[in-house]
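If you read the protein sequences in the order shown, they are chains A and B.
For the first sequence, my numbering gives the first residue as 5, with consecutive numbering after it.
For the second sequence, my numbering gives the first residue as 5, with consecutive numbering after it.
Each remark here refers to the structure printed beneath this line.
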Amino acid sequence: MSGVNLTKESLAFLQDQFRSYYKKSDLSVPDRFSRREYAFVFFGGKGMLRHLGFSKKKQFQAFLQKKAPMHAYYSTAYYQYPDAPRMNEKEWMGAELIFDLDADHLPDADNITYETQLELVKIEFIKLVDDFLMNDFGFPIESMELYFSGGRGYHCHVKHPSVYQLSSGDRREIVDYITGRDLNASVVFHEESMGRAQIKGKTVSTGKRLRMPKPDEPGWRGRISQGLIDILEDIVQSNDPLLKLKGYGVSEYTAKKLLDDLSENRILRIKQGHLDQSTTIRRFFLNNALRKKAVSFAAGETDEPVTCDVKRLIRLPGSLHGKTGFKVIPVSLDTLDDFDPLSEAVIFDKTPVLVDVGVDVTVTLKKETFELTTGNQEVPLFVAVFLLGKKLANIK
Amino acid sequence: MKPLNTLARYPFLKDAKTYVKNQGIAVTELIKDPLYDRARSIAIERVEHAFEHKDVGVRQLSKESDCIMELFSYPLSRMITCCINDSYFTRRYALGEAVRFYKNLIKENTFFLVDIVKEFNLNIQFDGENQHLSIYFTDYLTHAPTRYKHWKLVNRELQNGYISLSSKDLSRVTQEALRHRINNELLDKPCHELIQKTFSEEIQRLQNKIATQRKNNETIPVGKLDVKKLPPCIKRILADVQAGENVPHMGRFALVSFLNSLKLSTQDIIDLFNTAPDFDEEKSRYQIEHITGGVSSTSYKPPGCDKLKTYGLCPSEEIDRICKKTHHPLSYYRYKWKIENKRKKKKSDKKPNKKNEA
Numbered sequence: 005m006s007g008v009n010l011t012k013e014s015l016a017f018l019q020d021q022f023r024s025y026y027k028k029s030d031l032s033v034p035d036r037f038s039r040r041e042y043a044f045v046f047f048g049g050k051g052m053l054r055h056l057g058f059s060k061k062k063q064f065q066a067f068l069q070k071k072a073p074m075h076a077y078y079s080t081a082y083y084q085y086p087d088a089p090r091m092n093e094k095e096w097m098g099a100e101l102i103f104d105l106d107a108d109h110l111p112d113a114d115n116i117t118y119e120t121q122l123e124l125v126k127i128e129f130i131k132l133v134d135d136f137l138m139n140d141f142g143f144p145i146e147s148m149e150l151y152f153s154g155g156r157g158y159h160c161h162v163k164h165p166s167v168y169q170l171s172s173g174d175r176r177e178i179v180d181y182i183t184g185r186d187l188n189a190s191v192v193f194h195e196e197s198m199g200r201a202q203i204k205g206k207t208v209s210t211g212k213r214l215r216m217p218k219p220d221e222p223g224w225r226g227r228i229s230q231g232l233i234d235i236l237e238d239i240v241q242s243n244d245p246l247l248k249l250k251g252y253g254v255s256e257y258t259a260k261k262l263l264d265d266l267s268e269n270r271i272l273r274i275k276q277g278h279l280d281q282s283t284t285i286r287r288f289f290l291n292n293a294l295r296k297k298a299v300s301f302a303a304g305e306t307d308e309p310v311t312c313d314v315k316r317l318i319r320l321p322g323s324l325h326g327k328t329g330f331k332v333i334p335v336s337l338d339t340l341d342d343f344d345p346l347s348e349a350v351i352f353d354k355t356p357v358l359v360d361v362g363v364d365v366t367v368t369l370k371k372e373t374f375e376l377t378t379g380n381q382e383v384p385l386f387v388a389v390f391l392l393g394k395k396l397a398n399i400k
Numbered sequence: 005m006k007p008l009n010t011l012a013r014y015p016f017l018k019d020a021k022t023y024v025k026n027q028g029i030a031v032t033e034l035i036k037d038p039l040y041d042r043a044r045s046i047a048i049e050r051v052e053h054a055f056e057h058k059d060v061g062v063r064q065l066s067k068e069s070d071c072i073m074e075l076f077s078y079p080l081s082r083m084i085t086c087c088i089n090d091s092y093f094t095r096r097y098a099l100g101e102a103v104r105f106y107k108n109l110i111k112e113n114t115f116f117l118v119d120i121v122k123e124f125n126l127n128i129q130f131d132g133e134n135q136h137l138s139i140y141f142t143d144y145l146t147h148a149p150t151r152y153k154h155w156k157l158v159n160r161e162l163q164n165g166y167i168s169l170s171s172k173d174l175s176r177v178t179q180e181a182l183r184h185r186i187n188n189e190l191l192d193k194p195c196h197e198l199i200q201k202t203f204s205e206e207i208q209r210l211q212n213k214i215a216t217q218r219k220n221n222e223t224i225p226v227g228k229l230d231v232k233k234l235p236p237c238i239k240r241i242l243a244d245v246q247a248g249e250n251v252p253h254m255g256r257f258a259l260v261s262f263l264n265s266l267k268l269s270t271q272d273i274i275d276l277f278n279t280a281p282d283f284d285e286e287k288s289r290y291q292i293e294h295i296t297g298g299v300s301s302t303s304y305k306p307p308g309c310d311k312l313k314t315y316g317l318c319p320s321e322e323i324d325r326i327c328k329k330t331h332h333p334l335s336y337y338r339y340k341w342k343i344e345n346k347r348k349k350k351k352s353d354k355k356p357n358k359k360n361e362a
């Protein structure tokens with residue numbers, strides 16, 4: 005969503021505001037500071053300036069204050085020679101494990117509001133950190149740094165000693181685990197023989213059923229069970245089960261078939277841990293339980309190449325995002341539920357600024373809604389920076 | 005100290021090393037003294053068997069002398085491998101030792117296995133009461149063959165960083181750990197002069213074997229591309245490019261670097277791209293030469309299966325039998341050539357026979 009081309013004055017205005025922030029703030033720097041590569045995009049500049057290394061914190065801060073970049077990044081990897089111009093000369097030493105959840109990948113990102121996008125990504129992010137990284141992978145919360153990205157998502161940096169040397173392939177396995185890709189149904193549901201009989205001297209099975217894992221079983225097995233029971237309750241308790249089922253994306257025909265199959269007796273048996281051999285039921289539940297419990301690709305997928313790339317650049321914590329003016333700020337898992345990025349990451353003040361709005365737009369920042377129509381008007385500084393960053397207005 | 009016949013079956017363990025050391029035999033004796041003739045011939049057998057059958061083989065270990073000779077053959081095998089001085093051969097040898105290790109290990113009880121695993125610095129947990137085994141996930145990822153679906157992390161039980169697994173699966177993981185260890189240990193080790201001298205004939209023979217095998221593998225026809233032999237990923241990218249569909253950068257890169265590795269010229273590659281409706285020859289030439297090394301200083305190697313999967317370029321529903329055997333689109337292509345060549349050879353072998361019958 006962009007409406008205007010930014011004028012030179014607008015770019016200079018944004019840069020001035022960013023500079024004043026960098027002059028005031030005491031930006032903390034990443035650990036292994038001098039082993040990292042740094043990269044910047046400048047206001048009005050073309051492309052990215054990268055392969056920079058800094059040996060002193062002061063020198064780095066002076067750089068930020070002088071250049072006031074539009075975007076600032078650092079490498080998740082640390083190198084022997086971070087400023088070598090070619091990647092293979094840098095001599096990779098290790099890299100933190102990164103997860104980047106961003107609303108960019110939402111299927112209909114343009115049709116839902118910015119606030120909703122951020123909410124959806126947040127739900128996925130909590131699932132990622134709490135369910136997967138802490139429970140399954142056992143990373144203690146102290147070994148993770150969580151940030152609002154300043155744009156449309158959240159970043160998780162895992163800095164546990166066990167992850168630094170993981171190869172790109174190892175990291176892909178972790179992503180596949182979290183997204184549930186390639187999960188084998190047979191791992192979850194065990195075929196169980198109901199009895200045996202002797203026929204003409206041979207032992208044959210008299211019938212088979214599927215045994216479902218218990219909801220408190222570790223890893224994906226328990227997770228699928230939980231998802232399955234959630235869905236079951238959701239359907240059974242609904243006033244219009246058929247409509248509910250269709251909401252899960254099944255056709256009218258399948259929905260009817262499913263409802264026929266889901267007799268009261270059967271529901272009871274499923275809750276007791278026995279899923280019968282009905283393929284329709286099995287497939288429906290497995291797919292939907294998976295979708296429900298995995299860190300979903302539909303709503304804020306973890307940007308896979310980011311996690312798997314062991315030489316990635318990621319936005320510098322504490323820096324400002326050039327397309328919003330928001331600060332990349334740390335968030336904590338305990339307070340994430342109530343965290344409102346559109347208030348807490350907004351750092352500019354209310355000084356009135358005269359802008360020329362290019363498109364009709366409604367913006368909610370710091371819990372205040374601004375309904376703006378095209379033309380000249382005064383808005384608080386934090387709104388002005390946001391509008392300019394999003395290319396919705398120019399400075400007057 | 006473990007019993008001698010255990011050491012003979014697991015000659016890479018610390019105890020085995022200590023045992024050999026305590027015997028106080030100089031390397032020169034081991035190489036020259038007629039007393040160790042048998043150890044030397046076992047050493048050659050180990051190496052050769054590993055190269056040809058992916059297993060160093062088994063020998064009788066009933067007498068004490070059997071065990072001692074077996075034990076001494078191990079350091080000799082390693083030294084011979086170093087003198088063959090070929091990284092492919094070293095990998096094969098490491099695999100051979102590791103495979104035999106696995107076959108022995110699955111016959112042992114869990115306590116023995118747990119004891120052995122300690123030597124490989126694998127972070128495992130063992131609950132002796134109910135025989136429950138688990139391994140820390142990073143060690144699992146480093147060694148487990150996750151290219152197979154049932155070995156993928158997602159199909160394992162993971163809790164608090166530990167993965168539950170059977171003793172058989174732990175043996176398999178440990179096999180890989182040994183393979184990595186031997187491979188790394190031998191990688192940059194120099195050749196012992198005396199070994200080179202004593203085994204010069206055998207070393208030469210094995211080197212010739214490698215050369216022959218390599219030549220058979222490398223006879224990839226240059227020039228015309230056989231589209232039928234392309235792996236599913238490359239085939240799909242090529243089809244998309246030719247249809248003028250929007251192919252992501254990594255896809256174009258994979259395709260061009262792949263074709264370049266088959267020694268297609270820039271012009272050949274441009275001609276393949278030519279059918280795209282939005283084709284711009286100058287732009288394509290520049291981009292292609294950037295990848296093949298015409299413009300930039302580096303010539304890039306095509307990405308392997310891992311990377312293609314990461315970038316979502318591996319069409320998982322089209323993965324076939326050959327994909328599962330290989331880790332790289334180039335190996336896939338080579339493999340298909342190999343099969344066809346074999347078939348052709350069989351045919352041509354048969355033909356003269358028929359004539360004779362007639």
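Note that beta-carbon positions come from the ideal geometry of N, C-alpha and C, so glycine has one too.
As the structure is a prediction and not an experimental result, all values here were calculated from the model.
Membership of D186(A) in any beta strand (DSSP E) is not indicated, and neither H nor E is assigned to it by DSSP. The Cβ-Cβ distance between G322(A) and G393(A) does not fall below 7 Å. Contacts with chain B at 7 Å (Cβ-Cβ) include F141(A). Within a 10 Å sphere around the beta-carbon of R183(B) sit 16 or more other beta-carbons, which makes this residue buried.
In the structure shown, the three-state DSSP call for D173(B) is helix. A Cβ-Cβ contact shorter than 7 Å links V45(A) with M74(A). Neighbours of W96(A) in chain B, taken as residues whose beta carbon is under 8 Å from its own, are absent, since the nearest beta carbon is some 16 Å off.
By the rule that beta-carbons nearer than 7 Å mark a contact, Q291(B) does not touch chain A. Rounded to the nearest whole angstrom, the CA to CA distance from E195(A) to I167(B) is 22 Å.
Residues of chain A with a Cβ closer than 8 Å to the Cβ of L157(B) are, in chain order, E177, I178, D180 and Y181.
Counted as a single uninterrupted DSSP element, the alpha helix (DSSP H) harbouring G100(B) occupies residues S91 to L109. DSSP places I399(A) in the strand class (E or B) of the three-state scheme. Between F152(A) and A349(A), the CB-CB gap stays under 7 Å. Looking at the DSSP output, Y158(A) bridges to L105(A) and F152(A). Under the criterion of beta carbons closer than 8 Å, I178(A) and L157(B) qualify as touching, at roughly 7 Å. In the displayed model, E100(A) falls within coil according to three-state DSSP, outside both helix and strand. About 20 Å separates the CB atoms of I199(B) and I72(B); that is not less than 8 Å, and the two are not in contact. A distance of 7 Å or more separates the beta carbons of L317(A) and S171(A). What C160(A) touches in chain B, judged by beta-carbon distance under 7 Å, is nothing: the nearest beta carbon there is about 16 Å away. If you draw a straight line from the Cα of S91(B) to the Cα of L191(B), it is about 7 Å long. For a Cβ distance threshold of 7 Å, residue set F141 of chain A lies close to F141(B), ordered along the chain. Against chain A, the CB of D310(B) has a partner CB under 7 Å away; the residue lies at that interface. Excluding sequence positions up to five before and after S265(B), its CB lies within less than 8 Å of the CB of K305, P306 and L334, all in the same chain and listed in chain order. Within chain A, not a single residue places a beta-carbon under 7 Å from that of G297(B); the smallest gap is close to 14 Å.
With contacts defined as CB atoms closer than 7 Å, C312(A) and T314(B) qualify as a contacting pair. In this structure, C318(B) sits near C237(B), with a CB-CB distance shorter than 7 Å. The Cβ atoms of Y82(A) and R54(A) do not sit closer than 7 Å to each other. Assigned with DSSP and collapsed to three states, A148(B) falls in coil, not helix or strand.
Contact between I139(B) and L162(B) does not hold, since their C-beta atoms are separated by about 10 Å, which reaches or exceeds 8 Å.
Per DSSP, the unbroken beta strand (DSSP E) holding S138(B) starts and ends at H136 to Y140. Here L320(A) carries a coil assignment [DSSP, helix/strand/coil]. Chain-ordered, the chain A residues with CB closer than 8 Å to the CB of K313(B) read R176. Less than 7 Å divides the Cβ of K261(A) from the Cβ of T284(A).
One finds nothing in chain A with a Cβ atom closer than 9 Å to the Cβ of T216(B); even the nearest lies about 32 Å away. Across the structure, I333(A) and G226(A) are spaced so that their CA atoms are roughly 34 Å apart. Residues N159 of the same chain have their beta carbon placed closer than 8 Å to that of K153(B), with the five preceding and five following residues left out of the count.
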